[in-house]
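Residue numbers (our numbering): 5 to 133. All C-beta atoms in this analysis are idealised placements derived from N, C-alpha and C, irrespective of residue type, glycine included. Remember, predicted model here, so these are calculated numbers, not experimental data.
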Amino acid sequence: MGKIILLLLALLFSTQSHANGSISFNSEISHAFGGAVTAGAIVAISDDFWPNYDRAWMGFTISTVVGSISQYYEYAQGENDFRNAFADALSHALGSAIGAYVTDKYILLPVIHTTDKETYMGLSIQFRL
Numbered sequence: 005m006g007k008i009i010l011l012l013l014a015l016l017f018s019t020q021s022h023a024n025g026s027i028s029f030n031s032e033i034s035h036a037f038g039g040a041v042t043a044g045a046i047v048a049i050s051d052d053f054w055p056n057y058d059r060a061w062m063g064f065t066i067s068t069v070v071g072s073i074s075q076y077y078e079y080a081q082g083e084n085d086f087r088n089a090f091a092d093a094l095s096h097a098l099g100s101a102i103g104a105y106v107t108d109k110y111i112l113l114p115v116i117h118t119t120d121k122e123t124y125m126g127l128s129i130q131f132r133l
């Protein structure tokens, strides 16, 4: 239940207001951050519902597809030109890749995979000095 709330909060705070589009550092970093948060939440949710699939790829793919569709919709409605929409979608995809990787490798540990014959459980312990 907590992971579903995390997903809903991530989607709530990662939505962009539909003002006029521009290519600026603040615009692109906000799209990257939104992609990272959305992909991370999807990775956390997919760990519960689809444990047999690679959760990092699922988070990256779903977040990138949704971000790209939203940018295409803005372009089709005339709210954004092609260059700005493409830059926004690219920033979202880059953020999605980072968010999915970090969530999969560093936040969601241990990894438990079950098959019909055996169960695999892995634990990663990391020390930073």
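For Thr119, the secondary structure class from DSSP, reduced to helix, strand or coil, is coil. Taking 8 Å as the cut-off, the beta carbon of Ala89 is found no closer than this to the beta carbon of Ile27. Taking one beta carbon from each stretch, the stretch 30-50 and the stretch 67-85 have 3 or more pairs nearer than 8 Å; the two touch. Distance from the CA of Ile66 to the CA of Lys121, rounded to the nearest whole angstrom, comes to 30 Å.
Here Ile46 is buried: its Cβ has 16 or more other Cβ atoms, across all protein chains shown, within 10 Å.
Take the alpha-carbon of Ala60 and the one of Ala48: they are about 9 Å apart. CA-to-CA, the gap between Val106 and Val70 works out to about 20 Å. For Ile33, the enclosing alpha helix (DSSP H) has its first and last residue at 29-53. The residues Gly71, Ser72, Gln75, in chain order, have a CB closer than 7 Å to that of Ala93 in the same chain once the five nearest residues on each side in sequence are set aside. Counting only residues of its own chain and dropping the five nearest sequence neighbours on each side, Leu112 has a CB closer than 8 Å to the CB of Val47, Ala48, Asp51, Arg59.
Between the C-alpha atoms of Tyr79 and Phe53 there is a straight-line separation of about 33 Å.
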